[in-house]
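One structure is given here, and the rest of the page talks about it.
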Amino acid sequence: MPAYLDNAATTKPCDEAISACLAAMTENYGNPSSLHKVGLSAELAVTDARKAIAAALVCQPECITFTSGATEANNTLILGAAENYGKRKKKVVVSAVEHPSVSETMKLLEKNGFEIVRIKPQRDGSIDAEEFINAVDSSTFLVSCMYVNNETGAVMPVKRIFTQIKKLYPDCITHCDAVQAFMKLPIKTADLGADLITVSGHKVHAPKGVGAMYIRKGIRIAPRMLGGGQEKGLRSGTESVPLISAFGAAVRVQLPTIATAYSNAEELCGRLRKKLSALDYITINSNAENQCPYILNFSVNGIRSEIMLHFLESKNIFVSSGSACSKGGHSSVLTAMGVPDKTADSAIRVSFSRMSSCGEVEALATALQEGYLSLAKR
Ligand code: PMP
1 MPAYLDNAAT TKPCDEAISA CLAAMTENYG NPSSLHKVGL SAELAVTDAR
51 KAIAAALVCQ PECITFTSGA TEANNTLILG AAENYGKRKK KVVVSAVEHP
101 SVSETMKLLE KNGFEIVRIK PQRDGSIDAE EFINAVDSST FLVSCMYVNN
151 ETGAVMPVKR IFTQIKKLYP DCITHCDAVQ AFMKLPIKTA DLGADLITVS
201 GHKVHAPKGV GAMYIRKGIR IAPRMLGGGQ EKGLRSGTES VPLISAFGAA
251 VRVQLPTIAT AYSNAEELCG RLRKKLSALD YITINSNAEN QCPYILNFSV
301 NGIRSEIMLH FLESKNIFVS SGSACSKGGH SSVLTAMGVP DKTADSAIRV
351 SFSRMSSCGE VEALATALQE GYLSLAKR
């Protein structure tokens, strides 16, 4: 049995998602914009999925727009907010550990004359809420902070950051990349204080190529994709009914058991952390206090990530070296946290899903020890 422990990179689609996807290709194959009943049933499938995502975020379905994934959602929200709200105000405050779909978009804004203030993480990987809030002033039109970091699992104090900024600067737009928190931590848009939220399907047992953005009522985002005016003009292009239906089905089936799945992840993460803490050649990079238990990042001292990754692969165990999102090079997240280069070079990211089991943790712990013994000698 393979141990798939790379769920922050992507998850295995669940049966419900696969069935919904298939149904949308075999039965609801119409174009949601068509006026006949084949089109109508496709439209209803999209409406159902929208309701499911809205229920998970505790918001109105009208606030949800489907995209091709979180990368598109982050690009659209940030660039679309800059176009409408960044004419006079030019400052953006963002965490320094965002996913490239946010950080690269910020670089583009910077090139176009915006001032981007990046808040570095603390040694534990999280952002200091007060430092973030204090960096915002009346010239700031947008702030962006992810909910859970995709490399370390650090949970950011997003509620405190967003609600406080909204109190001090009600016109400032607040954006949260919640990809690694969605369906893992309970998210209520009203409590979070975010005007804009990004989520992705393939991190929650739906297929790749579908995501969604929450846009609070009253916030105007200029579209990136122009054309037929689908998704209320925010995202033109014929809706991917199979992927959207699958996303909705996956979310609908998981929603009632978020808490039990979280306890399972906590149990697995705690078990692995305990085992790793007993090994003197392992440094755990994820802080225990403010960590989402779905992700654990550690370094096997003296063994480069890729070497250990391939050793584990030979044992049918699949993990990630730092982040699967950034190919090669240092993890900028670990570096920003002050992790020494040598330790960052041997970082391994283990990430669980609701399908993960104790057996997988045991297999990983055994293989890590075997790997260290055979690789450290060379
Ligand atoms: N944000 C975060 C925090 C992520 O982890 C990812 C996926 N690695 C993305 C955005 C991009 O998501 P997608 O693959 O749906 O474009």
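Using the numbering used here, read the sequence shown as starting at 1 and increasing by one per residue. Every residue, glycine too, gets a C-beta built ideally from N, C-alpha and C. No experiment lies behind these values; they were computed from the predicted model shown.
Boundaries of the alpha helix (DSSP H) in which residue i is found, first to last residue
i: N297; result: Not the alpha helix (DSSP H): N297 falls in the beta strand (DSSP E), residues I295 to V300.
i: I21; result: Per the sequence shown, the amino acid found at residue 21 is Cys instead of Ile. First-last of the alpha helix (DSSP H) with C21: D15 to T26.
i: V251; result: V241 to Q254
i: C358; result: C358 to A376
i: D191; result: T189 to L192
i: L185; result: It is not in any alpha helix (DSSP H) - L185 carries neither H nor E in the DSSP assignment.
DSSP three-state assignment for residue i, whether helix, strand or coil
i: C325; result: Any reading at C325 must be qualified, since the residue scores a pLDDT of 44, below 50, and its modelled position is unreliable; the value itself is stated next. Coil, per DSSP.
i: S286; result: coil
i: I133; result: helix
i: V58; result: coil
i: R160; result: helix
i: A265; result: helix
i: R354; result: coil
i: E380; result: As shown, the chain starts at 1 and ends at 378. That puts residue 380 outside it, with no answer to give.
i: S320; result: strand
i: V339; result: coil
i: T10; result: coil
i: R273; result: helix
i: R304; result: coil
i: I127; result: coil
i: T437; result: Coverage of the chain is limited to positions 1 through 378, which leaves residue 437 absent and any answer about it impossible.
First and last residue of the uninterrupted beta strand (DSSP E) at residue i
i: V199; result: L196 to S200
i: L279; result: Element bounds for L279: n/a, residue is neither H nor E.
i: F388; result: Because residue 388 is not part of the residues shown, which for the chain are 1 to 378, the question remains open.
i: T174; result: I173 to D177
i: I116; result: E115 to I119
Candidates the options, of which the one nearest residue i by Cα
i: P61; options: M225, R216 and L5; result: R216
i: R118; options: L108, S144, S139 and T26; result: S144
i: E130; options: K159, L142, L192 and Q230; result: K159
i: I116; options: N134, T140 and G125; result: T140
i: M225; options: H175, T238 and G218; result: T238
i: K90; options: A81, E98 and A96; result: A81
i: M146; options: R354, H175 and F114; result: H175
i: E98; options: N74, N112, P242 and G69; result: N74
i: A54; options: S126, A212 and T152; result: A212
i: L234; options: L77, A3 and D48; result: L77
i: A376; options: I282, I317 and F318; result: I282
i: D48; options: G218, V148, T343 and V241; result: V241
Near the ligand SAH: residue i beta-carbon under 7 Å from a heavy atom
i: N75; result: Although the ligand SAH was asked about, the structure shown includes only the ligand PMP as ligands.
Short CB-CB distance (under 8 Å) between residue i and chain D
i: I244; result: In summary, chain D is missing from the structure at hand, where a single protein chain is found.
Item to check | Contiguous beta strand (DSSP E) assignments of at least 3 residues, all confined to the segment 203–233 | outcome: You should have 211–215.
Next on the checklist: In chain order, what are the residue ranges of uninterrupted alpha helix (DSSP H) at least 4 long that sit wholly in the segment 68–99?
Outcome noted: Within the segment 68–99, complete alpha helix (DSSP H) segments of at least 4 residues are found at 70–85, given in chain order.
Checklist entry - Between the segment 275–291 and the segment 257–264, do three or more beta carbon pairs fall short of 8 Å? => result No, the segment 275–291 does not touch the segment 257–264.
Checklist entry - Should the segment 49–64 be regarded as contacting the segment 180–190, the criterion being three or more beta carbon pairs within less than 8 Å? => result Segments in contact, yes.
Checklist entry - Are there three or more Cβ pairs, one per stretch, closer than 8 Å when the segment 279–298 is compared with the segment 346–357? => result Contact holds between the segment 279–298 and the segment 346–357, because three or more Cβ pairs, one in each stretch, are under 8 Å apart.
Next on the checklist: For the segment 361–368 against the segment 332–340, do three or more pairs of beta-carbon atoms, one drawn from each stretch, fall closer than 8 Å, so that the two count as touching?
Outcome noted: Touching, no.
Item to check | Sufficient close CB pairs (3 or more, under 8 Å) joining the segment 17–35 to the segment 232–248 | outcome: Counting Cβ pairs under 8 Å, three or more are found: they touch.
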